[in-house]
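Notes for the one structure printed next.
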Amino acid sequence: MTTAIADQLSLQKQICTDRVTLFTLAGTEIKPNHTTIAEVIIDNIKRTIQFFVIDKCAMDVQLLIGQNFTELYDINYSKIGNQLNFTEVTINKLNVNLITQTTLNIGINHQKHNQPLIDLLNNYRDCIANSLNELGVTELTKMTITLSSEKPIARRPRQFSDYERAQIREIVGELLLNGIIRESCSPYALPLIEEQLRRLSGHQYFTSLGLFSGYYHIPMATESIP
């Protein structure tokens, strides 16, 4: 998207923190300076996607739609001659692992009140994750880590019992299987847990994000991965 069309549509621009290089069909490199979020409607399909904002497009167009729209899981497209047609795919709602009375911790045992709640949750079952393989991933933002120094922070590895090591292997294996983490040879260690707990002391109120493993929903920016 060009700056001119972004300004014309009064879109809010943000500094592009990703190290992104765009290429034209002729191989020309373009480095976007800003990004913006906009709602687009193509062939009656409405989606909110991220655009890279550049000063001027080398292809003499104001806006290009990329794979963050064409490769969405619920969109199909076909090319007939010079015409590209998009169609929306109907995704069947999840009918397995339904939420039941035993799944919930409601605090009361009253069928008149409990069953409507269970029906409501099952109606939106595809929005509720009970395991890592049901997690969704946002495309609207990425986690970026800003370092104050390039020097790796190294600490002596913690000692674990055989039982703890088996649990860790199981957890890491599940994260790898679901694509949340990847194999790494990073020199950086995990944060010191005792220090994080110390920072919590002395406070009276704590809040938590009501998402299933919510921190896994936001992908890590490429430049922040060692």
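Residues 1 to 226, numbered by UniProt numbering, are exactly what the sequence shown covers, in order. Think of the CB as a built atom: it goes at the ideal place given N, C-alpha and C, for glycine as much as any other residue. All values derive from a computational prediction rather than experimental measurement.
A residue is called buried once 16 or more other Cβ atoms fall within 10 Å of its Cβ, and valine 53 is buried on that count.
Excluding its 5 nearest sequence neighbours in each direction, threonine 144 has C-beta neighbours in its own chain below 7 Å: Thr17, Ala221 and Ser224, listed in chain order. In the structure shown, leucine 197 adopts helical secondary structure according to DSSP, grouped into three states. Distance from serine 10 to leucine 132 at the Cβ level is roughly 40 Å; contact not present, criterion being Cβ atoms closer than 8 Å.
Along the segment 11 to 95, the beta strand (DSSP E) occurs as fully enclosed runs of 3 or more residues at 13 to 15, 34 to 42, 45 to 53, 75 to 80 and 83 to 88, listed in sequence order. In the DSSP assignment, arginine 165 falls within the alpha helix (DSSP H) that extends over 162 to 177. Cβ atoms of threonine 36 and alanine 4 stay farther apart than 8 Å, at about 13 Å. Here isoleucine 218 really is in contact with lysine 142; their C-beta atoms are around 7 Å apart, less than 8 Å. Taking 8 Å as the cut-off, the Cβ atoms of threonine 21 and cysteine 57 do not count as close. Taking C-beta separations shorter than 6 Å and ignoring five residues to either side along the sequence, the partners of lysine 31 in its chain run Thr21, following chain order. Isoleucine 118 is a Cβ neighbour of leucine 104, given a cutoff of 8 Å.
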